[in-house]
Amino acid sequence: MPRSITSVAVFCGSNFGNTDAYADGARRLGRALVDAGITLVYGGTTKGLMGVLADSLIGAGGTAHGVITEQLRQRGHTHPGLHHTEIVASLRIRKQRMVELADAFIAMPGGIGTMEEMMEVWTMNQLAEIDKPLGLLNISDFYRPFLVFIDHIVACEFLPPEHRHSICVDADPAVLIDQLRHFVPTKVAKWL
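The following block contains the structure:
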């Protein structure tokens, strides 16, 4: 039976990256979330892919919930068109709140913040602190080097092979959302 997913936290770059394909992918994800009836939870800013995603979703009639730090708000980074904005004291609280609000997670291309957020929720799922699937929106094969590294971790026996597939990966937002809805977590223990 498919999971009920009404909100997805999206982690993505506050820059645009070096190809228009990333912004195009953010727009496609925004529309796909609206088509699926899913609320966007994200970092609440207008910057980079984060702003493109929110603008696309809002323009298509979707609902966006931003969680932004006070420091970023003071810099004028808050998206003015969100349906709900929470202002929190720190990045740590921002991440915690996004985890609480979301039924699932999608990581788009981004920088170290995106990678850190994605790895934290993957680890929380692995340790059964949460049961909220994670997907990588693999625009322009952005995550290929990362997945090669994860394969290396498996080969070095720091990660069971079954855990390599405990995240969903696709370049098509609609396919990825469907994978999240049908995701079944691995029952294999983390420890080898």
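Taking my numbering, the leading residue of the sequence shown gets -15, the next gets one more, and so forth. C-beta: ideal position from N, C-alpha, C; glycine also.
| Query | Result |
| --- | --- |
| Suppose contacts are defined by Cβ-Cβ distances below 8 Å. Is Leu118 in contact with Met92 by that definition? | no |
| Leaving out five residues on either side along the sequence, give the residues of the same chain with a beta carbon under 6 Å from the beta carbon of Val25. | Ser(-9), Ala(-7), His49, Met82, Leu85, Ala86 |
| Please work out which residues of its chain come closer than 8 Å, Cβ to Cβ, to Val18, disregarding the five sequence neighbours upstream and downstream, and give them in chain order. | Leu41, Ala44, Gly45, Gly46 |
| So, at 6 Å on beta carbons, what are the nonlocal neighbours of Lys174 in its own chain, with the 5 sequence-adjacent residues on each side left out? | Gln110 |
| Which residues does DSSP pair with Tyr26 in a beta bridge? | Gly50 |
| So who's on the other strand from Leu120, going by DSSP bridges? | Ala91, Val153 |
| Measure the CB-CB distance between Gly32 and Phe(-5) and report whether it falls below 8 Å. | no |
| Within its chain, find whatever has a CB closer than 6 Å to the CB of Arg78; leave out the 5 residues flanking it on each side and keep chain order. | Val51, Thr53, Val72 |
| Does the Cβ of Val18 lie closer than 7 Å to at least one heavy atom of the ligand HEM? | As for the ligand HEM, it is missing from this structure, which has no ligand bound. |
| In terms of DSSP beta bridges, what is Ser(-9) paired with? | Thr23 |
| So what does Val72 bridge to, in DSSP terms? | Thr53 |
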